[in-house]
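**Student:**
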Amino acid sequence: SQQGEEDPQALSIQEGENATMNCSYKTSINNLQWYRQNSGRGLVHLILIRSNEREKHSGRLRVTLDTSKKSSSLLITASRAADTASYFCATDEIQGAQKLVFGQGTRLTINP
Amino acid sequence: DAGITQSPRHKVTETGTPVTLRCHQTENHRYMYWYRQDPGHGLRLIHYSYGVKDTDKGEVSDGYSVSRSKTEDFLLTLESATSSQTSVYFCATQGQGVYEQYFGPGTRLTVT
Chain G
695 SQQGEEDPQA LSIQEGENAT MNCSYKTSIN NLQWYRQNSG RGLVHLILIR
745 SNEREKHSGR LRVTLDTSKK SSSLLITASR AADTASYFCA TDEIQGAQKL
795 VFGQGTRLTI NP
Chain A
16 DAGITQSPRH KVTETGTPVT LRCHQTENHR YMYWYRQDPG HGLRLIHYSY
66 GVKDTDKGEV SDGYSVSRSK TEDFLLTLES ATSSQTSVYF CATQGQGVYE
116 QYFGPGTRLT VT
């Protein structure tokens, strides 16, 4: 069953603006990960946040996790055209630590 | 891409024919996964492997079988392809003790 649900399904912004994507999940987790997928390519791991962490940064990426609300957000600051891609959250359930469950993704378009 | 290749990259086949997709990795990762990606469903886990000859079912395993006779190879077989198995198939690997997965480039399968 689908664990993560991303919101919005699609987002279009101007280059230089910030992009925020949200993910909600249903069960207790060990970690939550975000992946990027460029059109026609495989997914690429971006960042992982553990269940005992609330915020994490990596370059222009900022991820937050609220386990009480079972939600996470991914913020991309100062967006670039190259950030155009689909973004997926993925969670691993505590009982099945090696299996990831992916959301349906947010399609991000950066307009020049 | 963590040295992951998938073959073939594209395939068109007829309903009822057997199809085998191959995933090959050069990273000696312990875990390997097969996903399918369809519009509106995100990525769904078909089968996974946690070692040579050790495999288990994922969320959408009906109609699929897998085999892993060597660490580097993970085969996905559709015994009798159906039109509902038209999809893009991704292989992924994961190392021991880490959480991120590395994805191959995908195989686009069309069943007519």
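Protein chains in written order, with the working numbering: chain G, 695 to 806; chain A, 16 to 127. The beta-carbon is built from N, C-alpha and C at its ideal position, and this holds for glycine as well.
Could you work out which residues of chain A lie near H739/G, taking near to mean beta carbons separated by less than 8 angstroms?
**Tutor:** One-based indexing of the first sequence puts residue 739/G at position 45. Neighbours of H739/G on chain A, chain order: E115, Q116 and Y117.
**Student:** Starting from F105/A, find everything on chain G with Cβ-Cβ shorter than 9 angstroms and list it in chain order.
**Tutor:** The residue you call residue 105/A lines up with position 90 of the second sequence. Within chain G, the residues near F105/A are G736 and L737.
**Student:** Going along the chain, which unbroken runs of the beta strand (DSSP E) with 3 or more residues stay wholly within the stretch 55–94 of chain A?
**Tutor:** Segments of the beta strand (DSSP E) lying fully in the stretch 55–94 of chain A: 57–66, 69–72, 79–85 and 88–93.
**Student:** With a CB to CB cut of under 6 angstroms and the five nearest residues on each side skipped, what residues in its chain are close to L90/A?
**Tutor:** For this step, residue 90/A is matched to residue 75 along the second sequence. Excluding sequence neighbours, L90/A sits near T35, R37 and S82.
**Student:** Between Q798/G and R774/G, what straight-line distance do the alpha-carbon atoms span, to the nearest angstrom?
**Tutor:** In the first sequence, the residue the question calls residue 798/G occupies position 104. In the first sequence, the residue the question calls residue 774/G occupies position 80. Q798/G and R774/G: Cα-Cα distance of roughly 23 angstroms.
**Student:** Kindly list the residues whose CB is nearer than 6 angstroms to the CB of A791/G, restricted to its own chain and excluding five residues on each side of it in sequence; keep chain order.
**Tutor:** On the first sequence, position 97 is the one that residue 791/G refers to. At A791/G the pLDDT is 48, less than 50, meaning the model places this residue with poor confidence and gives no usable figure here.
**Student:** Which one of E699/G, N732/G and I804/G has the shortest CA to CA distance from L770/G?
**Tutor:** Taking the first sequence and counting its residues from 1, one reaches residue 770/G at position 76. What sits at residue 770/G in the sequence shown is Ile, not Leu. Nearest option by C-alpha distance: I804/G.
**Student:** Using a Cβ cut-off of 7 angstroms, pull out every chain G residue sitting near Y79/A, in sequence order please.
**Tutor:** As a first step, residue 79/A is located in the second sequence; it is residue number 64 there, counting from the start. Going along chain G, no residue has its Cβ under 7 angstroms from Y79/A, so there is no contact; the nearest lies around 16 angstroms.
**Student:** Name the two residues that bound the continuous beta strand (DSSP E) containing Q708/G.
**Tutor:** The sequence position of residue 708/G within the first sequence is 14, counting from 1. Its beta strand (DSSP E) spans residues A704 to Q708.
**Student:** Taking just the CA atoms, how far does S706/G sit from S22/A?
**Tutor:** Taking the second sequence and counting its residues from 1, the one referred to as residue 22/A is at position 7. Taking the first sequence and counting its residues from 1, the one referred to as residue 706/G is at position 12. Taking the straight line from one Cα to the other gives about 34 angstroms.
**Student:** Do S76/A and Q61/A come within 8 angstroms of each other at the CB atom, strictly closer than that value?
**Tutor:** Along the second sequence, read from residue 1 onward, the residue named residue 61/A stands at position 46. Along the second sequence, read from residue 1 onward, the residue named residue 76/A stands at position 61. According to the sequence as given, residue 61/A is Ile; it is not Gln. Cβ distance < 8 angstroms, so I61/A and S76/A count as in contact.
**Student:** Locate the beta strand (DSSP E) running through T28/A, then write down its first and last residues.
**Tutor:** For this step, residue 28/A is matched to residue 13 along the second sequence. Run containing T28/A: H25 to T28, per the beta strand (DSSP E) assignment.
**Student:** Residues in its own chain within less than 6 angstroms of R744/G by CB, not counting five upstream and five downstream?
**Tutor:** As a working note, residue 744/G is residue 50 in the first sequence. N725, listed in sequence order.
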